[in-house]
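A.B. asks: Quick note on the working numbering: the sequence shown kicks off at 2 and runs consecutively.
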Amino acid sequence: MKYGIKILVIALTGLLLSATAGAQGDSPRLTVVELFTSQGCSSCPPADATLKSLRDRPGILTLSWPVHYWDRLGWEDTFAHPHNAMRQTAYNKRLGRGGVFTPQMILDGNLQCVGSKPEKVRNSVEKARATERQDLMFDLSETPDGNLLLSLPETKIEGMVSVRIVWYLADAEVQIGDGENRGRVLHYTNVVRASDVAFDWKGDARTLTLKTADGLAAGADHVAILLQDEYGHGPIVGASSMALPAAQSGR
Numbered sequence: 002m003k004y005g006i007k008i009l010v011i012a013l014t015g016l017l018l019s020a021t022a023g024a025q026g027d028s029p030r031l032t033v034v035e036l037f038t039s040q041g042c043s044s045c046p047p048a049d050a051t052l053k054s055l056r057d058r059p060g061i062l063t064l065s066w067p068v069h070y071w072d073r074l075g076w077e078d079t080f081a082h083p084h085n086a087m088r089q090t091a092y093n094k095r096l097g098r099g100g101v102f103t104p105q106m107i108l109d110g111n112l113q114c115v116g117s118k119p120e121k122v123r124n125s126v127e128k129a130r131a132t133e134r135q136d137l138m139f140d141l142s143e144t145p146d147g148n149l150l151l152s153l154p155e156t157k158i159e160g161m162v163s164v165r166i167v168w169y170l171a172d173a174e175v176q177i178g179d180g181e182n183r184g185r186v187l188h189y190t191n192v193v194r195a196s197d198v199a200f201d202w203k204g205d206a207r208t209l210t211l212k213t214a215d216g217l218a219a220g221a222d223h224v225a226i227l228l229q230d231e232y233g234h235g236p237i238v239g240a241s242s243m244a245l246p247a248a249q250s251g252r
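(1) Give me whichever residues DSSP pairs with residue 114 in a beta bridge.
(2) Relative to the C-alpha of residue 90, which candidate in 179, 221, 234 and 228 has its C-alpha closest?
(3) Are residue 202 and residue 161 close, meaning C-beta to C-beta below 7 Å?
(4) With a CB to CB cut of under 7 Å and the five nearest residues on each side skipped, what residues in its chain are close to residue 43?
(5) With three or more beta-carbon pairs closer than 8 Å as the criterion, would you say the region 199-213 touches the region 117-136?
(6) How should residue 96 be labelled, buried or exposed, when 16 other C-beta atoms within 10 angstroms of its C-beta is the threshold for buried?
(7) Can you give, in chain order, each stretch of the alpha helix (DSSP H) that sits fully within the region 110-172 and has at least 4 residues?
(8) Could you tell me whether the Cβ atoms of residue 109 and residue 32 are closer together than 7 Å?
(9) Can you tell me where the alpha helix (DSSP H) with residue 49 in it begins and where it stops?
(10) Can you check which of these residues, 119, 163 and 194, is closest to residue 205 by C-alpha distance?
(11) Can you give me the start and stop residues for the alpha helix (DSSP H) that residue 215 sits inside?
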């Protein structure tokens with residue numbers, strides 16, 4: 002999995018950018034539901050299915066982060082990357098939990114639940130949506146040359162937030178040849194193919210150009226932007242996503 006992201010950052014002084022498609026001010030706040038899952042975990046397929054059911058609900062952004070630590074059970078996860086487990090570990094440390102498990106859902110970077118229990122997931126989603134949080138405006142749009150432009154207007158914020166770029170694949174199927182899920186075909190929703198923090202934002206106006214080719218090279222067809230406190234593993238204070246232009250048009 003490729004985790005390097007080529008970016009172009011341009012500082013803009015004193016300029017407030019107008020909002021277009023994908024801006025937080027024009028659309029309902031997105032509740033971000035992240036699932037840490039594994040192809041080697043027999044409890045994970047029901048959680049994968051629950052995540053898929055959430056994807057089409059308005060105001061929810063789902064992301065699946067496959068982890069590698071169950072590979073020792075006989076099957077090497079084809080989507081897992083150590084960075085995904087590191088993200089899960091950082092979340093659990095901040096939330097005061099002693100370790101990691103699958104399937105685990107993290108909501109808005111601030112709540113957690115067992116992903117294989119639909120009722121708990123539903124309750125956690127409603128709790129997350131009802132929780133007050135800061136929502137930072139930004140814009141994500143396509144450029145004339147088929148790339149993506151992230152526009153962050155000058156904003157008064159306390160401290161700084163991390164700007165995370167997540168390339169993900171909307172749908173995937175994997176035939177499992179060994180381990181606890183041997184013989185099963187697992188269905189993925191919004192599976193992360195690459196992710197990185199672009200920079201820590203202090204509220205100055207900036208634009209960030211994302212190369213569509215980088216997302217496609219990582220095996221993705223969508224991109225998500227997460228604005229997150231505490232060095233990228235704290236509460237999420239802004240989110241947006243869109244299909245990659247090349248994937249959307251078939252170019």
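Note that the Cβ used here is the ideal one computed from N, Cα and C, for glycine as well.
Only a predicted model underlies this, so the values are computations on that prediction, with no experimental measurement involved.
C.D. replies: A quick look at the data gives this:
(1) BP columns for residue 114 point to 106.
(2) Ranked by how close their Cα comes to the Cα of residue 90, the residues 179, 221, 234 and 228 have 234 in first place.
(3) Yes. Within cutoff.
(4) Close CB contacts of residue 43 within its chain, under the 7 Å cut and outside five residues either way in sequence, are with 181 and 182 (chain order).
(5) Between the region 199-213 and the region 117-136 there are fewer than three C-beta pairs closer than 8 Å, too few to call the two in contact.
(6) Label assigned to residue 96: exposed.
(7) Restricted to the region 110-172, the alpha helix (DSSP H) segments that are unbroken, complete and at least 4 residues in length are 119-131, listed in chain order.
(8) The answer is yes: Cβ separation under 7 Å.
(9) Its alpha helix (DSSP H) spans residues 45-56.
(10) Considering only alpha carbons, the answer is 163.
(11) Per DSSP, residue 215 belongs to the alpha helix (DSSP H) from 213-218.
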